[in-house]
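Notes to accompany the following structure.
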Amino acid sequence: MANHKIIIAIDGFSSCGKSTLARELAAKLGYNYIDSGAMYRAITLYFLRNRVDYTDAAQTHEALGNITLTFELNEENHRSEIHLNDENVESCIRDMIVSEKVSEVAALREVRAFAVAQQQQMGEKKGIVMDGRDIGTAVFPKAELKIFMTAAPEVRVMRRFKEMYATNHHITMDEVRHNLELRDYIDSTRDESPLRQAEDAVLLDNSGLTREEQLKMAIEWAKSRAKKKAV
Ligand code: CDP
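Just so we're aligned, residue 58 is where the sequence shown starts under this note's numbering, counting upward by one.
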């Protein structure tokens, strides 16, 4: 299989476990994992910190020119983490203040063009698992395996609440629910590459699946796609 590397695109709504599956799948296959959402979050963080009025095209354009995004391996947890202009921002990009604005920022055409060009470059050598909203539809429309993930809304709220509560005891379920609903709405109704299931994507509803079960299914799909490619 190592000789026939493929591109695996994982898309879906907020908090349905895309990054967990993508990270585990990449580790199993010896592929790179790229969290495309982290890129939009880091751009949003830069805009917030520098008070960029992103409704103004000129300001947005200038700000993007000052942003360099890289993924670096953290030797301690063996995870690839996002750096914004050489600063590791992994621990601040999931704060609610970023989550509240990220979908507005990600809806901007110039922001998407900036992120997508870098994402496509990362996939040039294949052997990559990327998760996001438009990976199978816009970033890698020819990806050999596309997975569209979904889970029941309450399952997603509970998952994200637990995740956020670990670092912020003031967070409430209502805040989390409201943010997920708002982002899903903006992400699926925007003009630029809205979130939707690609026609050739397999649907994975993981509401009742364990991590091991979903990983097993995805590995089987990946193996059969890599085999097909080898023929
Ligand atoms: O972890 P979660 O699924 O909640 O979100 P994320 O993957 O960190 O993405 C944060 C936001 O970035 C999303 O709500 C989208 O607005 C945007 N995004 C996007 O537009 N396109 C992508 N490929 C990935 C994320």
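Idealized CB from N, CA, C, for every residue including glycine.
For Tyr90, the CB stays at least 7 Å from every heavy atom of the ligand CDP. For the ligand CDP, a non-hydrogen atom lies closer than 7 Å to the CB of Ser93. Residue state for His118 is assigned as helix, using DSSP reduced to three classes. In this structure, Tyr111 is the residue among Thr77, Tyr111 and Ala287 with its C-alpha nearest to the C-alpha of Lys158. Note on geometry: alpha-carbon atoms of Ser71 and Gly87 lie some 26 Å from one another.
In the structure shown, Val288 falls within a coil segment according to DSSP collapsed to helix, strand and coil. His61 and Val288 have their alpha carbons spaced roughly 10 Å apart.
In this model, Phe104 and Arg166 are separated by some 15 Å (Cα to Cα).
The C-alpha of Tyr90 is placed about 17 Å away from the C-alpha of Arg268. Annotation for Arg240: Ser71 and Ser160 place their beta carbon closer than 6 Å to its own, counting only its chain and skipping 5 residues before and after. Within its own chain, the residues whose Cβ lies closer than 7 Å to the Cβ of Thr127, once the five positions on either side in sequence are excluded, are His140, listed in chain order. Here DSSP, grouped into helix, strand and coil, assigns Ser137 to strand. With a cutoff of 8 Å on beta-carbon distance, Ala200 and Gly189 are scored as not near each other. Across the set Arg247, Arg217 and Thr207, the C-alpha of Arg217 shows the shortest separation from the C-alpha of His235. If you look at Thr101, you'll find it in the alpha helix (DSSP H) that goes Ser93 to Arg106.
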